[in-house]
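>
Protein chains: 2
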Amino acid sequence: MVNHQERLNRTFAALVDPTRRAMLARLERDEGGATVSELAEPFAIKLPAVMKHLDVLDEAGLITRSKRGRVVTVRLSPKPMKEAMEWLHRYERFWSDRLDRLAAYVERQEKEARRKPR
Amino acid sequence: MVNHQERLNRTFAALVDPTRRAMLARLERDEGGATVSELAEPFAIKLPAVMKHLDVLDEAGLITRSKRGRVVTVRLSPKPMKEAMEWLHRYERFWSDRLDRLAAYVERQEKEARRKPR
């Protein structure tokens with residue numbers, strides 16, 4: 161249980177930063193992963209800042225890094241996001257309930273309209 | 161777009177803390193909401209700390225607070241979680257792809273087994 165909470169803490173903390181979210185989105189599009197410089201390219205931040213973001217993502221288990229010569233390839237490892245989604249899922253009934261109520265309301269209004277004399 | 165990113169920042173930041181997640185889970189069970197002292201009860205933290213957590217949740221739009229006399233009732237307002245889930249959804253294909261591959265593998269193994277002479 162503690163581990164589960166600990167993992168959720170780290171996953172949500174990793175997702176707080178928009179640069180890190182953009183990096184994950186970039187990795188989501190590239191099946192084969194991306195190099196560190198490819199990942200850094202769209203952002204106006206220096207390499208040490210990029211490396212710090214990658215460390216946070218790595219500690220949260222959201223990426224893997226593999227080195228070949230001097231090139232580090234980063235790949236997405238989205239399993240922790242599954243846990244985060246499962247945590248969020250229980251709240252889903254709130255917005256689906258609301259949609260159900262809306263559908264019921266529309267249906268009642270339509271019945272009402274049909275019943276009225278023209 | 162900026163607003164959307166801003167909202168995601170705040171939602172994920174609110175969800176980082178396990179006490180805040182536990183408060184949201186408590187509110188999820190209670191349709192009618194909970195008073196501040198009811199919410200505080202399970203935690204070994206002082207009232208100012210509780211109020212700080214509620215401020216973070218409120219700023220993220222995850223709760224609403226209404227006052228009647230001296231009693232503040234807190235209610236869940238889970239809409240921002242929907243956006244967070246929608247953000248996470250795009251990664252879902254990764255684990256469902258994996259399940260598809262597993263199903264295909266099991267199917268192949270079964271075919272193989274059937275083909276073998278007994």
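Quick note, the sequences are listed as chains A and B, same order. Residue 161 is where the first sequence starts when you use the working numbering, and the numbers rise one by one after that. Residue 161 is where the second sequence starts when you use the working numbering, and the numbers rise one by one after that. Don't be surprised by glycine CBs; every beta carbon is placed ideally from N, CA and C. Bear in mind the structure is a predicted one, so any value in this text is a computation, not a measurement.
Should the region 187–197 of chain A be called in touch with the region 232–241 of chain A, which here means at least 3 C-beta pairs below 8 Å?
Cβ pair count under 8 Å is three or more, so yes.
> For proline 178 of chain A versus glutamine 165 of chain B, is the C-beta spacing smaller than 7 Å?
yes
> State the start and end residues of the unbroken beta strand (DSSP E) segment that holds valine 234 of chain A.
231–236
> Using three-state DSSP, classify alanine 220 of chain A as helix, strand or coil.
Assignment of alanine 220 of chain A by DSSP, reduced to helix, strand and coil, places it in the coil class.
> Return no unless some Cβ of chain B is closer than 7 Å to the Cβ of alanine 220 of chain A.
Cβ-Cβ to chain B under 7 Å: no for alanine 220 of chain A.
> Starting from glutamate 188 of chain B, find everything on chain A with Cβ-Cβ shorter than 7 Å and list it in chain order.
Arg250, Tyr251
> Leaving out five residues on either side along the sequence, give the residues of the same chain with a beta carbon under 7 Å from the beta carbon of leucine 175 of chain A.
If the five residues before and after leucine 175 of chain A are omitted, its C-beta is found closer than 7 Å to the C-beta atoms of Arg181, all from its own chain and listed in chain order.
> Rounded to whole angstroms, how far is the Cβ of glutamate 243 of chain B from the Cβ of arginine 167 of chain B, which I believe are closer than 8 Å?
6 Å
> Give the interface partners of glutamine 165 of chain B over in chain A, defined as CB-CB distance under 7 Å, in chain order.
The answer, in chain order, is Pro178.
> If arginine 275 of chain B and alanine 220 of chain B are in contact, beta carbons under 8 Å, what's the gap, nearest whole angstrom?
The pair is not a contact, with the Cβ atoms about 57 Å apart (cut-off 8 Å).
> Tell me where the alpha helix (DSSP H) around arginine 189 of chain B begins and ends.
178–189
> Provide the residue span of the alpha helix (DSSP H) that contains lysine 239 of chain A, from first to last.
Counting along the chain, the alpha helix (DSSP H) containing lysine 239 of chain A begins and ends at 239–249.
> Quick check on lysine 206 of chain A: does DSSP put it in helix, strand or coil?
coil
> Please list, in chain order, the residues of the region 198–220 of chain B that have any C-beta partner in chain A closer than 8 Å.
none
> Tell me whether the beta-carbon of methionine 183 of chain A lies closer than 7 Å to the beta-carbon of leucine 207 of chain A.
no
> Give me the chain B residues within the contact set of methionine 183 of chain A, using Cβ-Cβ distance strictly less than 8 Å, ordered along the chain.
Correct list: empty, because the minimum Cβ distance to chain B is about 13 Å.
> Could you pull the start and end residues of the alpha helix (DSSP H) that glutamate 201 of chain A belongs to?
Segment: none, glutamate 201 of chain A is in no alpha helix (DSSP H) and carries neither H nor E.
> Which residues in chain A have a C-beta closer than 7 Å to the C-beta of alanine 173 of chain B? List them in chain order.
Val176
> Am I right that arginine 250 of chain B and glutamate 188 of chain A are in contact with their C-beta atoms under 8 Å? What's the rounded C-beta distance?
6 Å
> Name the DSSP beta bridge partners of isoleucine 194 of chain A, please?
Residue identity check: residue 194 of chain A is alanine in the sequence provided, not isoleucine. Answer is A/Val234.
> Since alanine 244 of chain A meets chain B, which of its residues come closer than 7 Å, beta carbon to beta carbon?
Leu248
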